[in-house]
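Residue numbers (the numbering used here): 1 to 220. All C-beta atoms in this analysis are idealised placements derived from N, C-alpha and C, irrespective of residue type, glycine included.
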């Protein structure tokens with residue numbers, strides 16, 4: 001069901017920024033747009049840029065890409081929904097933007113790796129969608145994905161806190177992180193997970209954008 005799109009003024013975007021996102025009429029176009037943004041490797045420290053600042057800087061990591069995708073979906077008449085994928089304590093979390101077609105869930109995702117990206121709208125539940133990321137959500141040879149969140153509707157908060165904001169949106173990131181999550185596997189199952197073989201580890205080293213160091217190559 002289509003919803004009434006917000007105006008540029010309400011979002012805090014410039015007219016040109018609003019036009020850029022308004023041209024992205026479908027989830028597929030939105031995915032292409034966020035994938036084409038160079039990766040924000042946070043060389044100056046941690047960031048959680050708003051949509052406006054992400055477009056101004058011209059780069060994004062997963063959360064920033066999720067904000068952009070959610071905003072573009074909202075302008076296109078769809079709700080701006082995010083889902084948080086939480087890893088164990090050794091790995092980083094990942095945030096995707098949700099959409100539905102024909103009653104099935106899909107996801108738009110910004111990642112520098114080949115695995116944690118777009119998901120077609122073929123999943124009957126959010127758990128099913130989250131599980132589609134499980135086997136490739138890895139740190140070296142370990143599978144680390146553990147929980148997924150309920151949809152976080154960004155209409156709950158003032159859009160100027162995540163779209164038209166000058167400083168970092170760390171508070172919004174915390175709200176998403178602290179939203180209700182659901183476990184994907186039991187502790188016993190986690191202990192029995194098979195480690196990835198050498199070929200899988202090698203395939204996982206492929207990057208879209210060259211990382212400045214080994215740590216960044218893994219994190220983003």
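| Of the residues 179, 168, 127, 136, which one's Cα is nearest the Cα of residue 152? | Comparing alpha carbon positions, the residue from 179, 168, 127, 136 closest to residue 152 is 179.
| DSSP beta-bridge partners for residue 203? | Note: residue 203 sits in no beta bridge, so no partner.
| Beta-carbon proximity of residue 33 to residue 24, cut-off 9 Å | yes
| said: Assuming contact is defined by CB atoms lying nearer than 9 Å, are residue 93 and residue 106 in contact in what I supplied? | reply: No, they are not a contact pair.
| Proximity to residue 148 [Cα-Cα], best of 139, 132, 76 | 132
| Residues bridged to residue 105 [DSSP beta-bridge criterion] | 100, 123
| message | Excluding the 5 residues flanking residue 87 on each side, which residues of the same chain have their C-beta closer than 8 Å to its C-beta? | response | 93, 94, 137, 139, 144, 145, 146
| task | Give the C-beta separation of residue 165 and residue 16 to the nearest angstrom, bearing in mind that I take them to be a contact with Cβ-Cβ under 8 Å. | result | Contact flag wrong, Cβ pair sits at about 18 Å.
| Are at least three pairs of beta-carbons, each pair with one atom in the region 192-202 and one in the region 156-164, less than 8 Å apart? | Fewer than three pairs of CB atoms, one per stretch, sit closer than 8 Å, so the region 192-202 makes no contact with the region 156-164.
| said: Beta-carbon within less than 8 Å of residue 127's beta-carbon, same chain only, minus the 5 sequence neighbours each way: which residues are those? | reply: 148, 182, 184
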